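The structure under discussion appears below in the form of structure tokens.
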Amino acid sequence: MLVTGATGRVGRLVVDHLLDAGVPVRALVRRPRAAVTLPAEVEVFTGDLTVPESLDPALSGTGAVFLVWTAPPRTAAPVVGRLAAQVRKVVFLSSPHRTAHPLFRQPNPMAVLHADIERLIAATGLESTVIRPGMFASNALAWWAPAIRAGDVVRWPHGAAESAPVDDRDVAAVVARTLSQGGHSGRDYVLTGPESLTQAAQVGVIGDVLGRRIAFEEMTPEEFRSLWEGAAPGPVIDMLLAAWSAAAERPAYLTDTVADVLGTPPRTFRQWAVEHSEAFTRVP
């Protein structure tokens with residue numbers, strides 16, 4: 213199995229799941245030094261999605277590929293063409309852009325890219341599975357951990373917006389299962405956590421886990437734009453604000469897919485917070 217994005221937050225966990233299942237793993241990295249974070253038994257290949265021919269050594273003799281697109285869109289077609297010529301199965305990490313819920317229906321350039329890659333894969337006739345995680349629980353690390361570690365008030369827009377945070381480990385476990393086992397070809401899996409929580413409630417859960425109250429203060433969208441300008445692309449900021457606004461005071465979209473695929477229920481946001489509590493008290 214070849215894992216692209218093998219040092220990312222999902223890919224790195226997919227590597228571990230496959231190894232635990234006794235599956236030989238190849239990892240594609242853009243920079244050789246990134247491989248130091250990977251287990252010794254992983255076969256590492258250097259390649260870049262923007263240089264499609266650089267993938268050939270990693271693809272040769274590989275049965276299945278976990279594809280995480282982390283590049284501009286211009287080389288998507290030749291990359292998918294190379295996959296079609298050399299492997300039989302692709303599991304693609306996409307987004308829930310087909311889901312009829314306002315959180316996922318806002319204009320989003322990444323969703324457009326995902327849809328285009330899905331069409332390219334479908335046109336090849338490859339065995340394929342599309343994985344569509346909703347909001348990741350681990351977003352809390354980038355969004356709120358700095359303020360919580362500093363003991364500050366968490367200031368954030370649209371505190372009433374609801375989502376169903378999904379644990380990265382559940383996403384990775386579903387990916388590994390679909391890569392290594394049959395019966396998932398042609399499937400389209402939307403993954404969510406088990407409960408609908410407002411953003412303010414998620415901060416409250418983290419506070420409960422840490423044993424202290426964390427104050428939450430509503431921030432205006434304009435303040436959010438100013439704060440995050442330069443830290444995130446403008447279209448991403450626009451998408452998040454639009455999605456949160458549309459999802460305010462509306463229950464999140466929930467699926468049973470994690471349980472259906474794995475046979476175990478998805479982790480709750482509280483479980484995720486317990487297992488990552490140190491990230492909210494110590495600087496990484």
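According to the working numbering, the residues represented by the sequence shown are 213 to 496, in order. We treat Cβ as the ideally placed atom computed from N, Cα and C, and that holds for glycine. A quick note: this is a predicted structure, and the numbers were derived from the prediction, not measured.
The straight-line gap separating the alpha-carbon atoms of ARG361 and SER397 is approximately 44 Å.
Within the stretch 294 to 374, the complete alpha helix (DSSP H) segments at least 4 residues long are 321 to 336, 351 to 355, 357 to 361, listed from N- to C-terminus.
Beta-bridge partners assigned by DSSP to ARG238: LEU214, GLU255.
Around the beta-carbon of VAL254, 16 or more other beta-carbon atoms lie within 10 Å, marking it buried. In this structure ILE333 is not in contact with VAL291, their Cβ atoms being roughly 10 Å apart against a cut-off of 8 Å.
Judged by DSSP in its simplified three-state form, THR410 adopts strand. Within the same chain, and ignoring the five residues on either side of PRO377 in sequence, the residues whose Cβ sits closer than 6 Å to its Cβ are MET347, ALA349, GLY405, PHE481. Comparing C-alpha distances from LEU240 to each of ALA443, LEU230, SER266 shows the shortest one belongs to SER266.
Looking at the backbone, the Cα of VAL237 and that of VAL387 are separated by about 13 Å. For ALA443, the three-state secondary structure derived from DSSP is coil. In terms of Cα proximity to HIS229, the closest of LEU422, GLY446, LEU391 is LEU391.
Going by DSSP, GLU461 is part of no alpha helix (DSSP H) at all; its letter is neither H nor E. Rounded to the nearest whole angstrom, the C-alpha separation of LEU261 and GLY293 is 12 Å. Annotation: ASP260 is outside any alpha helix (DSSP H) and is labelled neither H nor E by DSSP. An exposed status is given to ARG331, since fewer than 16 other beta-carbon atoms sit within 10 Å of its beta-carbon.
Going by DSSP, GLU429 is part of the beta strand (DSSP E) stretching over 428 to 430. When Cβ pairs closer than 8 Å are counted between the two stretches, the stretch 264 to 283 is seen not to touch the stretch 413 to 422, the count staying below three. In the DSSP assignment, VAL277 forms a beta bridge with LEU214, VAL302. The three-state secondary structure of LEU250, taken from DSSP, is coil. Taking C-beta atoms as the reference points, ALA352 and GLN414 count as a pair closer than 8 Å.
Looking at the DSSP output, ASP382 shares a beta bridge with no other residue. Minimum Cα-Cα distance from GLY371 among the listed residues GLY363, ASP382, TRP356 corresponds to TRP356.
In this chain, VAL222 is not harboured by any beta strand (DSSP E), its DSSP state being neither H nor E.
For THR287 and THR469, the gap between their C-alpha atoms comes out near 31 Å. Taking C-beta separations shorter than 8 Å and ignoring five residues to either side along the sequence, the partners of GLN483 in its chain run ASP379, following chain order.
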